[in-house]
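Undergrad: Following my numbering, the numbering of the first sequence begins with 15 at its first residue and continues without gaps. Quick reminder that beta carbons are idealized off the backbone N, C-alpha and C, glycines included. Have a look at this one.
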Amino acid sequence: MKLQIHDTLRRDKVEFVPQNPERVTLYVCGPTVYSYAHIGNARPVVVFDVLFRLLREIYGEDHVIYARNITDVDDKINKAAMEQGVEIDVITNHFADIYNEDMATLGALRPSMEPRVTRNMDAIVAQIAAIVANGHAYAEQGHVLFDVESFKTYGALSRRSVDDMIAGARVEVAPYKRNAQDFVLWKPSKPGEPVWDSPWGGGRPGWHIECSAMIEANLGLPIDIHGGGHDLIFPHHENEIAQGLCAQHAHGHDSEYARYWMHNGFLDFGSEKMSKSLGNVKLVHDLIKETPGEALRLALLSGHYRGPLEWTPELVTQSRARLDGFYGALRRFAAVPVRDEAVPPAILEALCDDLNTPRALAELSALAKALETASDDEARMTAKSQLLAGGALLGLLQGDAEAWFKGGADEDLTAKIDALIAERIAARAAKNWPEADRIRKALDELGVEVMDSATGATWKLKAGV
RNA sequence: GGCCUGAUGGCGGAGCGGUUACGCACCGGAUUGCAAAUCCGUGAAGCCCGGUUCGACUCCGGGUCAGGCCUCCA
């Protein structure tokens, strides 16, 4: 199966061929850990989690290395630490842990490695030194700046020319910059901020250098796939390319840094960008209190990753309802045994077509339907096994079906419900319909829906309870 | 101003130059003590204007609208 992905650098869908199929490398820009992640931050996590799973499926679990960095040096972190009177690692460890827990709730696998800036400072300093030595950066007033004009293909990823950028510059040019577009590799720390040693004096790294340094140090150049949000194309990824290549002596083509670039689109919120000033920030940490993480995950995968996705309550409701359908089928056929089954070709094909998750989801629906309508045990077993195998590739449907419907109920409530159900079964056996209806109503008031069947009764908690 | 997306049925959302996407919701039927679920079925689309074509939702040109990036940002 050939994997096709849309490469931002080439602006086209191209066949993915790893440099070494025994060691496929993927790097995705991760969080700056000074606060909670919002649902927009979760989109690349979930999207590239699917890619990670797909690559593992194609090349083997042990042949894919997925790195997602944790940025633990940053102005916002410094600010939070100062306000709370603690060291920065108190803040960063706290929010890195929460981040990983929240992303796990969304069904995201842990990356192979999560490099942190503070633990890669030597590599960062070394890369900056190499860039300086190669004549692509200069030191000035304690800063080290990348010399944009020295790198002839600068702007290729975002399709901007240095001339255009200079013409459109609307930022005041710092006195130590030769050129408005030059960006910081190293800068002096302000009083009270954490400081690291460097040949240019105490200070800390600029925003972009961490990724290129950690990529070179942990994965080696070039990596196969570099991913991130659309907004990172410029300047972040553009600068990464410049740094990563200019630290090498021989650089010719931009693809020698990352061979494929993938960027996910943004979430919209009623045609508004989510931002703190608009007060429409939806934190994953809060959303998962109301909605199963799996429903949020399905919602994030309901549209193609490159397009915009409007995040609305309806989207969440529909995603949840769709999962009700899948888990309903799995619950009804809980007794059907499952065997090891390859991922259905149609699902693999959909995902190999630039991660077409909506199509993969449609195939999942077809399998659920096949399970419902199968006429014999053999067909049921096949359909169920394929549904679960396809779901696994998408990071879906791996939970317990009973738990999906009953998960929100604690032990007390469950016991209460079970008692009422038992009473109701007795009433029905005696054909005492008024009593059976009375109990149904009582359960309804508890937010419970009873489903009768030939063999007894089962129940589910209604959404939002 | 530059760069880049998107515009499909009530809603979400794909593929495809000529045939059912799929899901959610709705409606009709079967089934059910009631109900849910399930099954069968119906209805419902392609921003506007040109062009190419025997034929366009699908290709080309123009326009309109919406959004993003160009400054921290997934």
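(1) Between 422, 470, 426, 427, which has its C-alpha nearest residue 442's C-alpha?
(2) On a CA-only basis, which of 166, 156, 164, 232 is nearest residue 198? Give me that one, please.
(3) Considering only residues of the stretch 63–101, which uninterrupted beta strand (DSSP E) runs meet the minimum length of 3 residues and lie entirely inside it, listed in chain order?
(4) Whole angstroms are fine: how far does the CA of residue 433 sit from the CA of residue 251?
(5) Can you look up residue 46 in the DSSP assignment and give me helix, strand or coil?
(6) If distances are taken between C-alpha atoms only, which option among 307, 411, 302, 240 comes closest to residue 274?
(7) Mapping DSSP to helix, strand and coil, what is residue 470?
(8) List in chain order: all unbroken beta strand (DSSP E) runs of 3+ residues lying wholly within the stretch 192–216.
(9) Where does residue 160 sit, in a helix, a strand or coil, going by DSSP?
(10) Kindly indicate the opening and closing residues of the beta strand (DSSP E) around residue 27.
(11) Exposed or buried, residue 25, counting other C-beta atoms within 10 Å across all chains shown (16 or more means buried)?
(12) For residue 371, does the count of other Cβ atoms within 10 angstroms reach 16, so buried, or fall short, so exposed?
(13) Quick check on residue 303: buried or exposed, where buried means 16 or more other Cβ atoms within 10 Å of its Cβ?
(14) How would you write the range of the beta strand (DSSP E) that residue 151 sits in, first residue to last?
(15) Helix, strand or coil for residue 173? Go by DSSP, reduced to three states.
(16) Using a 10 Å radius around the Cβ and a threshold of 16 neighbouring Cβ atoms, would you call residue 263 buried or exposed?
(17) Measure the C-alpha to C-alpha separation of residue 99 and residue 296 and round it to an integer number of angstroms.
(18) Let me confirm a value: residue 22 is counted as buried when at least 16 other C-beta atoms fall within 10 Å, else exposed. Which label applies?
(19) Report yes or no: do the stretch 53–69 and the stretch 101–112 share at least 3 C-beta pairs separated by less than 8 Å?
(20) Which two residues bound the contiguous alpha helix (DSSP H) that contains residue 431?
(21) Quick check on residue 40: does DSSP put it in helix, strand or coil?
(22) Return the bridge partner residues of residue 275 from the DSSP annotation.
(23) So if DSSP puts residue 219 in a beta bridge, which residue, or which two residues, is it bridged to?
(24) So, helix, strand or coil for residue 482, using DSSP?
(25) For residue 464, does the three-state DSSP call read helix, strand or coil?
(26) What's the C-alpha gap between residue 326 and residue 377?
(27) What whole-angstrom Cβ distance do residue 202 and residue 220 have, given they're in contact under 8 Å?
(28) How many angstroms separate the CA atom of residue 463 from the CA atom of residue 388?
(29) Does the Cβ-Cβ distance between residue 3 and residue 150 come in under 8 Å?
(30) In the structure shown, what three-state DSSP assignment does residue 130 receive?
(31) How would you label residue 356, buried or exposed, when you count the other beta carbons within 10 angstroms and need 16 or more for buried?
(32) Going by beta-carbon coordinates alone, are residue 64 and residue 40 separated by less than 8 Å?
(33) Please state whether the Cβ-Cβ distance between residue 313 and residue 214 is less than 8 Å.
(34) For residue 247, which residues in the same chain have their Cβ closer than 7 Å to its Cβ, ignoring the five residues on either side in sequence?
(35) Using only alpha-carbon positions, find the residue among 340, 229, 315, 320 that is nearest to residue 329.
(36) Within its chain, find whatever has a CB closer than 6 Å to the CB of residue 50; leave out the 5 residues flanking it on each side and keep chain order.
TA: Based on what the coordinates show:
(1) It is 470 whose Cα lies nearest to the Cα of residue 442.
(2) Closest by alpha carbon: 156.
(3) 78–82
(4) 59 Å
(5) DSSP places residue 46 in strand when its eight states are reduced to three.
(6) 240
(7) The three-state reading of DSSP puts residue 470 in strand, counting E and B together.
(8) Runs of the beta strand (DSSP E) inside the stretch 192–216: 197–201.
(9) In the three-state reduction of the DSSP assignment, residue 160 falls in the strand class.
(10) 26–29
(11) With fewer than 16 other Cβ atoms within 10 Å, it is exposed.
(12) buried
(13) exposed
(14) 151–154
(15) Three-state result, residue 173: coil.
(16) exposed
(17) 27 Å
(18) buried
(19) no
(20) 425–443
(21) strand
(22) 240
(23) 200
(24) In the structure as shown, the chain starts at 15 and stops at 479, and residue 482 therefore has no counterpart that could be examined.
(25) Look at residue 464 here: in three-state DSSP terms it is strand.
(26) 24 Å
(27) In fact, because the Cβ distance is near 12 Å, the residues do not count as touching under 8 Å.
(28) 27 Å
(29) Residue numbering for the chain in the displayed model covers 15 to 479; residue 3 lies beyond these limits and cannot be assessed.
(30) strand
(31) exposed
(32) no
(33) no
(34) 22, 171, 172, 277
(35) 315
(36) 297, 299
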